[in-house]
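Scroll down for the structure; my scribbles are underneath it.
4 protein chains.
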Amino acid sequence: MAIHTGERPHTGGAGSKLPGVMPALRKVAPQAGFALQEIPLPQIGATDILIRVQMAGICGTDLHIYEWDRWAQHRVHPPITVGHEFMGTVAALGAEVEGFTIDERVSAEGHIACGKCALCRTGEAHICNELRVIGVDRDGAFAHYIAMPQQNVWKLAATIPDQYAAVFDPLGNAVHSVMTAGVSGKTVLITGAGAIGLMAINVARAAGAVSVFAVDVRPEKLELAKRLGADEAFIAADPSWIEKLRSRTDGVGPDVLLEMSGSAAAIEQGLTALRNGGHAALLGLPPEKIRLDVAESIIFKGVTLYGIHGRRMFETWYQMQRMVKNRRIDLKPIITHVLPLESFDEAFGLLKAGTAAKIILDLR
Amino acid sequence: MAIHTGERPHTGGAGSKLPGVMPALRKVAPQAGFALQEIPLPQIGATDILIRVQMAGICGTDLHIYEWDRWAQHRVHPPITVGHEFMGTVAALGAEVEGFTIDERVSAEGHIACGKCALCRTGEAHICNELRVIGVDRDGAFAHYIAMPQQNVWKLAATIPDQYAAVFDPLGNAVHSVMTAGVSGKTVLITGAGAIGLMAINVARAAGAVSVFAVDVRPEKLELAKRLGADEAFIAADPSWIEKLRSRTDGVGPDVLLEMSGSAAAIEQGLTALRNGGHAALLGLPPEKIRLDVAESIIFKGVTLYGIHGRRMFETWYQMQRMVKNRRIDLKPIITHVLPLESFDEAFGLLKAGTAAKIILDLR
Amino acid sequence: MAIHTGERPHTGGAGSKLPGVMPALRKVAPQAGFALQEIPLPQIGATDILIRVQMAGICGTDLHIYEWDRWAQHRVHPPITVGHEFMGTVAALGAEVEGFTIDERVSAEGHIACGKCALCRTGEAHICNELRVIGVDRDGAFAHYIAMPQQNVWKLAATIPDQYAAVFDPLGNAVHSVMTAGVSGKTVLITGAGAIGLMAINVARAAGAVSVFAVDVRPEKLELAKRLGADEAFIAADPSWIEKLRSRTDGVGPDVLLEMSGSAAAIEQGLTALRNGGHAALLGLPPEKIRLDVAESIIFKGVTLYGIHGRRMFETWYQMQRMVKNRRIDLKPIITHVLPLESFDEAFGLLKAGTAAKIILDLR
Amino acid sequence: MAIHTGERPHTGGAGSKLPGVMPALRKVAPQAGFALQEIPLPQIGATDILIRVQMAGICGTDLHIYEWDRWAQHRVHPPITVGHEFMGTVAALGAEVEGFTIDERVSAEGHIACGKCALCRTGEAHICNELRVIGVDRDGAFAHYIAMPQQNVWKLAATIPDQYAAVFDPLGNAVHSVMTAGVSGKTVLITGAGAIGLMAINVARAAGAVSVFAVDVRPEKLELAKRLGADEAFIAADPSWIEKLRSRTDGVGPDVLLEMSGSAAAIEQGLTALRNGGHAALLGLPPEKIRLDVAESIIFKGVTLYGIHGRRMFETWYQMQRMVKNRRIDLKPIITHVLPLESFDEAFGLLKAGTAAKIILDLR
């Protein structure tokens, strides 16, 4: 049932003649950097879909793998095709796939769950213990073709722009954080104005926050935060930012904290700023253990804290699609660069320099 | 409107002749130990109720104050009457008090909230920023009389035993923890089998947990934990207790963690044991900052974590009263000693030695 | 402690000289119509506040009392001053009142709860069994002065316009409905575009609905609905409106129904339109029993249905104030008329004719 | 991939030799009664499992089909094998089935959802619009073999008795009702003490209700209700039962209503009995439209009402299995008869007479 390099799957239409090989951005050895290689097309099983990647977003995780930091060395096993944020068109269908057609536009959930455990069977597949992530644990999306299980493939409404569809993965992180914490009618603080933090500002506004505030260590992010809907953006170096925020939130602090930076200082300060009884969603990953004043920051304040990983399958996808389709979300200020796949070194350079927010690779 | 030593409040009945002075257990100087003194009766304002204390429970917090540890030195300002868990009878009523009668049995919420802030006005008075705690911030309950604001006084149903009513404060901590985490139909781990942890075992069972497990560092607590309803109790020194617990919970770990110890190791191990997507209520107060692997213990697992302080006013009280009235809760194994007020040194010795669970002082 | 006609309460400032009598709009006899009379100022108790009414909104309930329909005949006992939506300034304070000052701007919750029952003590005072409503069960707000218990008086932020503050009562109904049903990231249908229905459109948008749809029997309301933020407004007479709505909501129907009309047909059609698993908030009061297909409309669909009465004390008030202060809500299109108290007959005529949405009486 | 009568599926073990035909209880014509016929074994597709039925429960729905009432005439299309509550062992596996082995014990969810709609993909498959029910819309379980999609098949823990596993379908209805309404720490009224109502009494107790009350029209059910854990059971004909219940629930009425009868009178009285702010789960299906005082019974009381259909896939199944495995549930008093398949006419006679609670057909 599987296709091999050069084979034609039986379901391919006239226009879907598949090439024998394809370009793919790969981590080929345990060291910094990526290589653009020609490799065979991925095989698909009976329930898989082969997707022709059109646009793909670069994530901070990709930069970690590019730079081959400690986390990457521990988690990633070369050789592997990297990349996990993408959209494209259906290029071939496994024999048992139903409900998809060749050439239709799709994105995909990049976390592949086991589908059989109690978590998967009770709506919590996003925290399945057997999650395998494309571009990290198996071949990813920075290539002309990617194979995905049919249940992970997401049909795109016609009105969703390609560039937005390409970043449904991080947008889904932001939507999952915002919807889990609950922002409707509330004041919200977002710590960390990287790509997901910036998206969260915009999503929080769309989801009904009455005020949104952001804080970041980089001055150049503050203006961007405001353009995306922040009522005010603070520079983390300002020792009185918590005090200023408090005066903007009835003297008590924001109702909700969305922690998108993974910085120990941001977690600590964010919880200090949060009002008693507030809700905090933690998405940013601290690279190591951090010291927390659990009594003062969590217990006495009666805080509710949510660990946020991935996106709900597929509640978050429906929410996200609905928001984008109805134009409640504006990602244009966040997508700062669109580059061809070949310019990957330039792209990672921009990301590292912090001058880019979200970079999209164009593989069309 | 206030009564002074020796005065008779106008509402006093025939049998309520008040003495001029009363015995009270006091922290008189910034050093270890308490003194039993004769002092004037507390004054009551127009909306206060004077209560003749009948029985009072000793809390771990009282031991901290007795021993004058760092926390106590920082928080408590002698001279002050200590104690905050109690029940008694109404002895006198302020001029504006309505709905209470002399001699009726009452307990009281010992956290006095401002009543005016947004938290107080939206059902979250238990985390009001202006909370003042009897026996810590103002005169407490280890005395023959205590003055309480009428809104803090709780009428006791006739079928509630005195000894149970005397410990509604810590029982309320346990009930608040259990009801916030939500245990109905779930498997529950309780870390720390002190008085509140033991109560939580029993409350979790009453609230519909399908299995309850406990862990403690002290072997002598394990049998008590089982008598109160734990399906199994583990000794923390057993390096495989998490593994054993996992095998008892479908291989995935418990759905709920109730952290009652304040120990950094218990928090860390409890979160490790908890299943992905589990809920954790933290009540035990770590004495200092702790190191947490936020990425592994909270974020990747998609854990929801609740900081628990005090008891909800007065939702917890209604829940607690309903459970006790309907005999869903059995505190007998926990109340290990009943002693006269004069034996306070013996009581604190027993507590410190760890041979007592809950000690009640009898002031009748 | 109470003030009587012509008396000066001790707390009155220099500028607060109170008149002996005041004009008040009254139901004086069990028949249609109101009378504008001079009556003594209301007395205040020790914990009451006397408010100089500045602006007051006319509600559909007032029209029922004006017309003396069956409901009014059964519920209202003349003579009584009518009106319950208002804002004004503090004119006098009872002896025990704290935290208010003469001349400060206030509105008030018109439902006076007992404050002592389990509902009142657990954050559900809005459904207390002993609720007494101003302008219905006791003297109301269509008068120069009204007495209110201090706990019902709401301090107005400086940036809240008088006209908005005058209609916090119905706006609170809308906010309570929207926040109870939960609209963040959802599609919403509102049945009934009277004043509260129109407010709900605007509030739903502010609270994060991705799409809002309205339906009403009156063509003249549809344009107003769109100006307030409805994506589309349907005329109830159109036999295919449910089908059209379904095609706008992914073929399944809206996620949320806010029923603001009290019409049996609207309830039935609204529940038919609602998607499986949807949430419905019912605020509109059917004047009599209605026939419901409980199996098809509620059970098979797995619908969750909320009965909505009044506004939460005071969670709704905080939410509402936050939304208005932060300019998330625009009531201008709803407030169609501002008239002097003397023009009350004209006002009720406009309301009855359906040519007005919300009419405000100006008593300054 | 499908097996036909007399064929051997490739996965069949030595002991799984399948017969060519099997006995099945069938509705063969549009009239009252069933026929026991020999028919070919059901075919299975690539993702289906063939189950050898061991025990099957008779449901009220089966009685409707047996008697061929109006509902049955409208819904059921003969010829069809009836029955939907069952357990058995795996007899054959479709080619694509993974994770099951021949002869393992299983039960199954009898509602077959489409798996592709938004409801199915967001954890609400139990209210999928395309649900097809075994024994109603396709061949059912009163036969020696039944074919089920693999995702509907539920592996049974070894400690779950056959008789309990045979009624996981109605037990799931009860668990879904109880868990949706939320009974932990609450007082509960159950209207209707048929098989599911009786199960709900026991489940509510296990799930942490502090008190459970039941009401039924049949005096013979009251004793059974008490044996299953009801604190008190009322006869519906007693005009003061609501008053008596109120006096048992602090004068305010129960916190939760579980409506299991489908009777208009029970729905009306149950909502009248419910306290303000209470939660009601409606499972019983009224055979036609009913008249409801929506204003008094739902709106003024601030009631939350849940329509309950089927069981959550598969959250309810996990909850149910956990409760049974841990012996929190005792169904023995409910399973009043175990009869061979051939005695089906006797079984339906007993059910109709109301002398049986739950009858199990033994097909071993």
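So the protein lines, in turn, are chains A, B, C and D. When you line the first sequence up against my numbering, it's residues 17 to 380, in that order. When you line the second sequence up against my numbering, it's residues 17 to 380, in that order. When you line the third sequence up against my numbering, it's residues 17 to 380, in that order. When you line the fourth sequence up against my numbering, it's residues 17 to 380, in that order. Built from N, CA and C at the ideal position, the CB exists for glycine as well. As the structure is a computational prediction, the values presented were derived from the model and not from experiment.
Give the single residue among the options whose Cα lies nearest to the Cα of residue i.
i, options, result
"A:L273", "A:V194, A:F158, A:H142 and A:I60", "A:V194"
"A:M103", "A:R121, A:R234 and A:P56", "A:R121"
"D:K132", "A:I128, A:V169, A:H160 and A:C144", "A:V169"
"D:G198", "D:M215, D:A249, D:R221 and D:G370", "D:R221"
"C:I345", "C:E362, C:G188 and C:L367", "C:G188"
"A:S227", "C:Q89, C:A40, C:F360 and C:Q335", "C:Q335"
"A:G61", "A:A163, A:I176 and A:G318", "A:A163"
Cβ of residue i less than 7 Å from any chain D Cβ?
i, result
"A:R137", "yes"
"C:K317", "yes"
"C:G267", "no"
"A:E120", "no"
"B:G31", "Note that B:G31 has pLDDT 46, beneath the 50 cutoff, so the model's placement of it is unreliable and the number below is only indicative. No - not a single Cβ of chain D is within 7 Å of the one on B:G31."
Mind checking if residue i is an interface residue toward chain B, Cβ cutoff 7 Å exclusive?
i, result
"D:Q335", "yes"
"C:A163", "no"
"D:G201", "yes"
"D:N342", "yes"
"C:E54", "no"
Is the beta carbon of residue i sitting closer than 7 Å to the one on residue j?
i, j, result
"B:D155", "B:E101", "no"
"C:W87", "C:H80", "yes"
"A:E331", "D:T332", "no"
"D:L287", "D:L244", "no"
"A:G284", "A:G300", "Strictly speaking, residue 284 of chain A in this sequence is Glu, with Gly absent from that position. In this structure, A:G300 does not lie closer than 7 Å to A:E284 by Cβ."
"A:P58", "A:V37", "no"
"C:K374", "C:G73", "yes"
"C:I376", "C:V354", "yes"
"B:V149", "B:G126", "yes"
"D:A40", "D:A182", "no"
"D:A48", "D:E83", "yes"
"D:A252", "D:V231", "yes"
"D:T203", "D:S277", "no"
Using 7 Å as the limit for Cβ to Cβ distance, is residue i near chain C?
i, result
"B:A134", "yes"
"A:G115", "no"
"D:A311", "yes"
"D:H295", "no"
"B:E125", "no"
DSSP has residue i in a bridge; who is on the other side?
i, result
"A:A277", "The amino acid occupying residue 277 of chain A in the given sequence is Ser; Ala does not appear at that position. Answer is none; A:S277 lacks a bridge partner."
"B:S227", "B:T203"
"D:L41", "D:L52"
"A:T97", "A:R42"
Any C-beta of chain A sitting closer than 7 Å to the C-beta of residue i?
i, result
"B:H192", "no"
"D:T27", "In this prediction, D:T27 scores a pLDDT of 44, lower than 50, which makes its location untrustworthy; no coordinate-derived value is stated."
"C:N189", "no"
"D:E248", "no"
"C:M339", "yes"
Nearer than 6 Å: is that true of the beta carbon of residue i relative to any heavy atom of the ligand NAD?
i, result
"B:R243", "The ligand NAD is not among the ligands present in this structure, which contains no ligands whatsoever."
Under 8 Å (Cβ pairs) to chain D, residues found in the region 140 to 154 of chain C: E140, H142, I143, C144 and N145
Of all the residues that make up the region 216 to 234 of chain B, which are near chain D by a beta-carbon distance shorter than 7 Å? A222, A223, G224, V226 and S227
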